[in-house]
Amino acid sequence: MKIALLGNPNTGKSSVFNLLTGLRQQVGNFPGVTVEKKYGEIIVGGDSHSIIDFPGTYSIYPRAKDERVVYDVLSDSNHVDFPDCAIVVVDASNLERNLFLFTQLYDLKIPIILVLNMSDIAHKQGKIISTEALQEVFPGTQVVETTARIGIGKERLLRAIQEAPNGIKPVSFLPDSKICSVDDLLCQEKEANDRFTLIGNVIKRIEQKSAIQEESRTSKIDRILVHPIFGYLIFAGILLLIFQFIYAFAAIPMDFIDTTFSNFSGWLSEILPAGLFSDLISQGIVPGIGGVVIFVPQIALLFFFIALLEETGYLARVVFIMDRIMRPLGLNGKSVVPLISSVACAIPGIMAARTISDWKERMITVLVAPLMSCSARIPVYTLLIALVIPNERILGVFNLQGLVLFGLYALGLVSALTIAAFLKFLIKTKEKGFLLLELPSYKSPRWGNVGITVLEKVKLFVGDAGKIILAISIVLWAMATFGPSNKMEKAAIKAEISAKRQHLNEDATARIISSAKLENSFIGILGKIIEPVIQPLGYDWKIGISLITSFAAREVFVGSLATIYAVQEDGGGNKRLIDRMRAETKKDGTKVYTIASGTSLMVFYVFAMQCMATLAVVRRETSSWKWPLIQLLFMGVLAYFGAWITYLLLI
Ligand code: GDP
Ligand code: MG
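For the sequence shown, position 378 (counting from the first letter as 1) is numbered 378 according to our numbering, and the numbering increases by one without interruption.
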């Protein structure tokens, strides 16, 4: 048999799936964790059945992207996944809403095993559900009580599966309904109303409440956590803690990865026979892989915390309290997590937007998330601030450099929210945006699940975005290595002669030669080609090259400048690079880096989509190149004009 696992979100379908198959499908205390079908196998009484875990839906009528999966299968009886039998998992503590989908499926005459899951919670709430009465109301249906989280009810469920094919009885729940196919159920308001009225009557028959009902632990906690004042304060406090933690601890593995990869490159270039192949590996591929792996600590840590908040049920509260603030901006309460995550890195942020079921709100979130100032901008900001912003105090208290840094972060946040509000009017959709959210009960996190979430996100990033980052790194390497051949050679010879004349040592000579080669490589030529375009912003072709190379990732900006100015970063950090940059003059003798051009560059980096990893992830998450390209374009336009205006104002 093909067995479909169906039910509302967050009722424990994946838990039942794991219970039956022994597989470890991701489970989460948050609606929308399963967004694709998952397959498994079970053997009952010698027969092997395939079992499919579907995303949760509230009805057969599809509203969100993940709900469509169920509709597509059920509306086509020739579909490979069309089930012979359905296990409908319902939250026994919340029967009224849960039975809606069940009765729709019942009317489709699919043999059903009705699983009353979360019976532990129902019992705690003092609800006693009569499975016999349920079986009477829905003849042909087998009803099984489970607590899937801790594995109770597995045997009962297996027995029901064995008997499932005998259970079909052609009875309809809705009287005088002429439902023959899924499409008969679509958009029928009357159908929905009738169903709920009938379900209300059924509930009265099958459910008894014990007389005294204590206020549950969950609602006691919620009085504080969703409180209109304390709720926000507590959330802000938790965020602060998480960010402190990520900043404090991600840096260690990131530095480690950084040094490991650069040592490895150095070692490779020593042991491999000199030549193009060696260069490709040591300067193109290995640093390219390093550029992927370096994001892993932040992604892993961030998702560790998000998974933790999600597992306990707290995340749903955050969404609930933030929805009020986000909605006028075209965003959703669920946008909060992606936006906040993006301050560390837009990649996990954009991946976190998956839980937003409304297409438009999800899209807006994905589009504006990279405007939040991520940690890759920090090296760029700090270098430029040290270079052009005087270290002065303002009003005797504020450090001017610190203020500028704060201003850059604020600019990112404000523009993200403003653009979201604009996009709200620009993006057309037929779907209506509303938040259908239940607050799940608080549960202690299960560490296995936290681990699985972290692993899945890291795998997703390394596997998909990684490929693209690697490819572009190789292209950038090739463009910096090759050029119109005799031009590059001539420049190299010239540089060598001038170095000899100045009696420079071996290292300095090598640096001058590589700098001359870079200037005449394809990427150097490209820098010169774009020079007229970036001149109004106050930049020269050398900055142009860095703008192009740092398209790979923003922090590459600093490294590229270092190569171009032929200085190596030594123990003194950026010191020597800074000195060279300070001394840098244009042809007319004026300085290249001034308050105007430096600030203009910073503003450029606030807005520009200088991160191919993010573009790769957006492509993956929207499954088209259209959105990443739109994003690249509007952020580029914003960056250009923002930088231009800044330059004009400050010059
Ligand atoms: P799905 O969205 O329907 O796939 O549901 P999941 O399997 O992801 O489970 C949602 C949440 O409910 C998770 O936190 C589970 O640990 C929890 N859960 C699942 N079954 C039970 C149960 O029987 N009792 C309780 N208390 N929690 C459960
Ligand atoms: Mg699931």
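Backbone N, C-alpha and C fix where the C-beta goes; we use that ideal spot for every residue, glycine too.
Comparing C-alpha positions only, which one of the options sits nearest to residue i?
i    : options                   : result
I221 : T622, T312, S624 and P390 : T312
V318 : M351, F235 and D279       : F235
G527 : L413, L476 and C187       : L476
K551 : A608, S521, T509 and F522 : The question names Lys, yet the displayed sequence has Phe at residue 551. Among A608, S521, T509 and F522, the Cα nearest to that of F551 is on A608.
M1   : V16, G46 and S50          : S50
V73  : A307, H227, V44 and I110  : I110
M118 : G483, R511, I150 and G288 : I150
I685 : L615, L537 and I294       : This structure cannot settle anything about residue 685, because the visible part of the chain is limited to 1 through 651.
I419 : L371, I394 and L408       : L371
T622 : L367, V558, T585 and L225 : L367
F264 : S282, A639 and F249       : S282
L615 : P348, V450 and A492       : P348
E207 : T147, H123 and S172       : H123
Y106 : K204, N201, L6 and D120   : L6
I289 : F320, L225, I257 and E191 : I257
D323 : L315, G333, Y314 and L329 : G333
I364 : D540, I427 and Y409       : I427
F522 : I534, P532, W541 and I512 : W541
Per the DSSP calculation, residue i is bridged to which residue(s)?
i    : result
E207 : I129
T585 : K591
V89  : G7 and V115
K2   : S50
V44  : D47
K655 : In the structure as shown, the chain begins at 1 and stops at 651. Residue 655 is therefore absent and cannot be evaluated.
C713 : In the structure as shown, the chain starts at 1 and stops at 651, and residue 713 therefore has no counterpart that could be examined.
Around the C-beta of residue i, are 16 or more other C-beta atoms found within 10 angstroms, so that it is buried, or is it exposed?
i    : result
R195 : buried
W447 : exposed
N505 : exposed
L648 : exposed
V80  : exposed
G571 : Because G571 carries a pLDDT of 39, less than 50, the predicted location of this residue cannot be relied on, and the following value inherits that uncertainty. Label assigned to G571: exposed.
R619 : buried
D91  : buried
E145 : buried
L417 : buried
S444 : exposed
I43  : exposed
K360 : buried
K13  : buried
T260 : exposed
S335 : buried
E310 : buried
E270 : exposed
R223 : exposed
Quick check on DSSP: helix, strand or coil for residue i?
i    : result
I394 : strand
N399 : strand
A516 : helix
A552 : coil
S172 : coil
Q502 : coil
F249 : helix
I212 : Confidence at I212 is low in this model, with a pLDDT of 46, below 50, so the placement of that residue is unreliable and no value is reported for it.
S441 : coil
A508 : helix
V637 : helix
W627 : helix
M351 : helix
S546 : helix
V80  : coil
A491 : helix
R327 : helix
I356 : coil
S75  : coil
V318 : helix
P370 : helix
N94  : helix
Y605 : helix
Taking 7 Å as the line, does the beta carbon of residue i fall inside it for any heavy atom of the ligand MN?
i    : result
A148 : This structure lacks the ligand MN; the ligands present are the ligand GDP and the ligand MG.
**Message:** At 4 residues or longer, what runs of the alpha helix (DSSP H) sit wholly inside the region 113 to 162?
**Reply:** Segments of the alpha helix (DSSP H) lying fully in the region 113 to 162: 119 to 124 and 131 to 137.
**Prompt:** Enumerated in chain order, which unbroken segments of the beta strand (DSSP E) with a length of 3 residues or greater are wholly contained in the region 232 to 314?
**Reply:** Those beta strand (DSSP E) runs which fall completely within the region 232 to 314 and span 3+ residues do not exist here.
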